[in-house]
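S.K.: Adding 43 to a residue's 1-based position in the sequence shown gives its number in the working numbering.
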Amino acid sequence: MHLHFTLTTTIFMSLIGISTNQLHLMSTLLSIEAMTLILFLLMTLPPLSCTNMTMIPVILMALGACEASAGLTLMTITKQKNATDHMTNLNLLKC
Numbered sequence: 044m045h046l047h048f049t050l051t052t053t054i055f056m057s058l059i060g061i062s063t064n065q066l067h068l069m070s071t072l073l074s075i076e077a078m079t080l081i082l083f084l085l086m087t088l089p090p091l092s093c094t095n096m097t098m099i100p101v102i103l104m105a106l107g108a109c110e111a112s113a114g115l116t117l118m119t120i121t122k123q124k125n126a127t128d129h130m131t132n133l134n135l136l137k138c
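Take a look at the structure:
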């Protein structure tokens, strides 16, 4: 009971971190990655009693790895083009 409350509170703290730290891309990516890891922890608790959901945490981790690589690629491109990782410069990446 306390573990679910703690993990849910951590997700909300990550959402607050995303909404308040919109200046730098790296802090936003870290908040999104924290949410992915907490969702992974929340998804691994029920499969201990239900064997039908054992693949869902693996799929979630694969999607989290894709999200992390896409975010780091975007940050690298932004850093090379603008010499900063501020979120205000992301509209300059349009083709």
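Glycine is no exception: its CB is placed at the ideal position from the N, C-alpha and C atoms.
All of these numbers come straight from a predicted model, not from anything done at the bench.
1. Determine the direct distance from the alpha carbon of asparagine 125 to that of leucine 80, and round the result to whole angstroms.
2. Taking alanine 111 as part of the alpha helix (DSSP H), name the residues at either end of that continuous run.
3. Of all the options Ile54, Met118, Lys122 and Leu117, which has the alpha carbon lying nearest to the alpha carbon of leucine 85?
4. First and last residue of the alpha helix (DSSP H) that includes methionine 86?
5. If you reduce the DSSP assignment to three classes, tell me which class serine 62 lands in.
M.R.: By the coordinates alone:
1. Going from the Cα of leucine 80 to the Cα of asparagine 125 covers about 30 angstroms.
2. 99 to 125
3. Ile54
4. 68 to 87
5. helix
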